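To keep things clear, I will list the structure first and then write my remarks on it.
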Amino acid sequence: MEFSKLLADAYYNFYTSKGKVSPLWYNSYCPNPEYMYFGPVDAIEAIENERTADLPKRHDVYSTMSEVNGRFYFDLASRLEKMVPGKKIAFMAYQNYLAAPEHIKKFPDNVRIMACTGTPLFIRDKASENFWRKICTDWNRKLQDKVVLYPYDAAFHLEGGFAHALRGYFENEFLQKVAHFSNDTVIYPCCYFRWDYYYSLYLMSRAYWDPDFDRDAVLDEQWKLLYGPAAPALKEFYEYVIDRWIKYYIPCATIRHRSIAGVDYDTLHKKTYPPEVLQKMRKMLEKACSLVDKNSIEGKRLTFFIMPWERIMDGAMAYGMAKPPLPCRAEFTETNLKIDGRLDEPCWKKASAIPFRSAYYGEIKKNLPLPQAKIIWSQEGLYVGIFNPGPFKKKGNLWDEDNFEFFISPGLTKNKLFQFVCSSSGLHEDYFKSFEPPRELDPAWKCRDFRKAIVSDVQGWSCEIFIPYAALECTAPVAGDSWLFNWVNNRTDSETTSAAPTMGNNRNINFYGKLYFAGNCE
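Right under this line is the structure:
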């Protein structure tokens, strides 16, 4: 374990010098008198090589790296116990190393574990509760002290609005049920902090102060205090949303057992909050608005309260109206294509065209200028070609002129998304977004060995790009495989089209269509 030895030496020098050996570290992480800092491994890759061959093989998504990380934690902690006696080191149990390692019976006494077991939002799901209890129990058997819980949000992006708004209601219930299994002196509630959902955050904060508090009484108090005459209508609204979650989402949803569980959007929008329910929710909020003067302080607070709910309900309504795209086909080629933007090789003639519709809902509208777009695959990468009829804008600025956005997500897991943007004047950008673990868009990501060519005349403009699989961190697909993709063609706002509906968010991977990789005999 060369890496753990290297780290142990660095820890020893840092803490025995009281941080003076590294001013940079000292300014960021002032030495703690009791604990040593250690950050989590924030990745989902699994390591299998000769150094891990002797370890038990585990295949659940939450344990594929448990044995590897467990060995590393044990080795580093054992070294530090001797080198820096009296100090504790806190490690994370997270993502694909959430489960306790099976091959280690007992960790050194200086080890503390923070376990990211999931979200309190699913505490009414018995299978989720049992999963959390097992994770904690298995770790506790191997530790000097009980695990520290690190509850997470189900989602922390705009599509997770329902989850953010409702989580606080279940926080004290979660704390009550896991109290026996977790450290009672510290807990770290990780949440998507937004003032839009202040009432949910308020309930969370009260729960950590006193898990046995009366959440309904606390809510009633703040409705009356902040909204005056509108309080009864808001109470009715929030109770209705909570009731639908408990009665329709929890028993019907596919709930994943992992650190970041995610949301089952089909169940959320089709069974829990379908269009008729959303209409009822809107009427409740309209009733609340009718009870106060919009220019009063209560009216202004109500406007603030409703603002995120308008976004949530608009998105949910759009989900119910969206037309799912049919699978599209990528043709196979054994030859390397010349990237010249002309799209005149025989395989381009043979390839199937990708159908485009109006971008927002995915409906078919008359008189929309539609592109001719096709995809070809080889053993090295993807060839993406498009022709846009004129007239078109060409201004020398990527987002102010006609352009297209091509999105590809290898496989069907929805873990990663790659975005490629090309414009009529030849400009381009590329981006990467991780959904698991959830991360913000990375605008600095660059596609290695990306190639493009653009040709334009009065008839229109065409673009041809090549995307190597290596840049997508994957191998070539096998004939018959399917990946997720979308293709957005940006002209004027009224002329924007796409292969799959976007709901105003082009990276909404839940609406993406499937790209089928055809074999050369099909």
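Positions in the sequence shown are counted from 1; adding 37 to them yields this note's numbering. Quick reminder that beta carbons are idealized off the backbone N, C-alpha and C, glycines included. Keep in mind that this is a model prediction, so the values were computed, not measured.
Assuming residue i and residue j form a contact by the criterion Cβ under 8 Å, report the distance between their Cβ atoms to the nearest whole angstrom.
i: Y420; j: F342; result: In fact, because the Cβ distance is near 50 Å, the residues do not count as touching under 8 Å.
i: M350; j: L315; result: 5 Å
i: G550; j: P364; result: 7 Å
i: I279; j: Y206; result: 6 Å
i: G357; j: K432; result: At roughly 37 Å, the Cβ-Cβ gap does not stay under 8 Å, so G357 and K432 are not in contact.
i: Y235; j: L256; result: Between L256 and Y235 the Cβ distance is about 12 Å, and since that is not below 8 Å, they are no contact.
i: I376; j: R488; result: 5 Å
i: I391; j: W524; result: 6 Å
i: D233; j: M321; result: Contact flag wrong, Cβ pair sits at about 18 Å.
i: R544; j: L454; result: 6 Å
i: A508; j: D486; result: 6 Å
i: A359; j: M540; result: 7 Å
i: H201; j: R231; result: 6 Å
Between residue i and the rest of its own chain, which residues show a CB-CB distance below 7 Å, the 5 nearest in sequence each way excluded?
i: L328; result: P266, A267 and A270
i: T174; result: F218
i: S165; result: G155, F159, I292 and H294
i: W282; result: L203 and T309
i: Y285; result: K308 and T309
i: S59; result: F51
Do you know whose CA, among the options, lies nearest residue i's CA?
i: T291; options: V78, K163 and G107; result: K163
i: T89; options: P77, N106 and F441; result: N106
i: K387; options: I401, I297, A410 and L135; result: A410
i: L521; options: R488, K453, I445 and D91; result: I445
i: Y66; options: F51, Q213 and I287; result: F51
i: G399; options: N167, P538 and L262; result: P538
i: H140; options: S237, Q456, D486 and P93; result: P93
i: D530; options: Y356, K430 and L61; result: K430
i: K42; options: G56, D112 and D91; result: D112
i: L135; options: D190, P77, E87 and S115; result: P77
i: W436; options: Y286, K453 and V458; result: V458
i: T372; options: N69, G418 and P60; result: G418
i: K124; options: P447, T53, D253 and L449; result: T53
i: S493; options: S462, D467, P480 and N64; result: S462
i: F97; options: N86, A137 and P60; result: The residue you asked about is not Phe; residue 97 is Asp in the sequence shown. If we check each option's Cα against that of D97, A137 comes out closest.
i: A45; options: P68, S59 and A114; result: A114
i: W246; options: F230, K261, P226 and Y264; result: P226
i: I412; options: W385, Y397 and K403; result: W385
i: Q132; options: F40, K317, Y99 and R116; result: Y99
i: D518; options: K483, P505, P447 and Y506; result: P447
i: L374; options: Q416, T340 and R348; result: Q416
i: E82; options: M102, K272 and C289; result: M102
i: F548; options: R252, E510, W482 and G352; result: G352
Once you ignore the five residues that flank residue i on each side, which residues in its own chain have a CB closer than 6 Å to its CB?
i: K183; result: N177, S219 and N220
i: K451; result: F472 and I546
i: Y110; result: F128
i: I84; result: V105
i: S389; result: R366
i: I287; result: R161 and D162
i: R528; result: D439
i: D479; result: F469
i: S460; result: L435, E438 and N440
i: I491; result: G378, G463 and C500
Less than 8 Å between the beta carbons of residue i and residue j, yes or no?
i: F199; j: I160; result: no
i: V584; j: L180; result: The chain is shown only over 38 to 559; residue 584 falls outside these bounds and no answer can be derived.
i: P475; j: I224; result: no
i: A192; j: V300; result: yes
i: R499; j: R319; result: Per the sequence shown, the amino acid found at residue 499 is Ser instead of Arg. Taking 8 Å as the Cβ cut-off, S499 and R319 do not qualify as a contacting pair.
i: V121; j: Y48; result: yes
i: Q213; j: Y239; result: no
i: L449; j: E532; result: no
i: M354; j: P383; result: no
Only counting the same chain, and skipping five residues up and downstream in sequence, which positions put a Cβ closer than 8 Å to that of residue i?
i: W414; result: A367, E368, F369, T370, Y420, A513, P514 and F554
i: P560; result: As displayed, the chain neither begins before 38 nor continues past 559, which places residue 560 out of reach and without an answer.
i: D381; result: none
i: E118; result: P145, D146 and N147
i: F250; result: N209, R243 and A244
i: V495; result: G427
i: E35; result: Here the chain comprises residues numbered 38 to 559, so residue 35 is not present and cannot be evaluated.
i: L263; result: E335 and R338
Are any of the Cβ atoms in chain B nearer than 8 Å to that of residue i?
i: I504; result: Note that chain B does not occur in the displayed structure, where there is just one protein chain.
Below 7 Å, is the gap between the Cβ of residue i and the nearest heavy atom of the ligand COA?
i: Y187; result: With respect to the ligand COA, the structure shown offers nothing to examine, as it has no ligands at all.
3-residue-minimum beta strand (DSSP E) runs that sit fully inside the stretch 470–520, ordered along the chain
Taken in chain order, the unbroken stretches of beta strand (DSSP E) that lie wholly in the stretch 470–520 and span 3 residues or more are 488–494 and 497–505.
In chain order, which continuous runs of the alpha helix (DSSP H) of length 4 or greater are located wholly inside the stretch 167–224?
Here the runs fully enclosed are 198–215.
Suppose only complete runs of 3+ residues qualify. What are the beta strand (DSSP E) ranges in the stretch 415–444, listed by chain order?
Correct list: 418–426.
Which ranges does the beta strand (DSSP E) cover as unbroken runs of at least 3 residues, wholly within the stretch 111–158, from first to last along the chain?
With a minimum length of 3 residues, the continuous beta strand (DSSP E) runs that stay inside the stretch 111–158 are 125–130 and 148–152.
Length at least 4, wholly inside the stretch 337–375: the alpha helix (DSSP H) runs in chain order:
Correct list: empty.
Taking the runs of the beta strand (DSSP E) that are 3 residues or longer, which of them lie wholly in the stretch 278–327?
The stretch 278–327 is shown to contain no whole beta strand (DSSP E) run of 3 or more residues.
Fully enclosed by the stretch 241–274, which alpha helix (DSSP H) runs are 4 residues long or longer?
Complete alpha helix (DSSP H) runs here, min 4: 252–264.
At 3 residues or longer, and completely inside the stretch 383–410: list those beta strand (DSSP E) runs for me, N to C.
The stretch 383–410 contains no whole beta strand (DSSP E) run of 3 or more residues.
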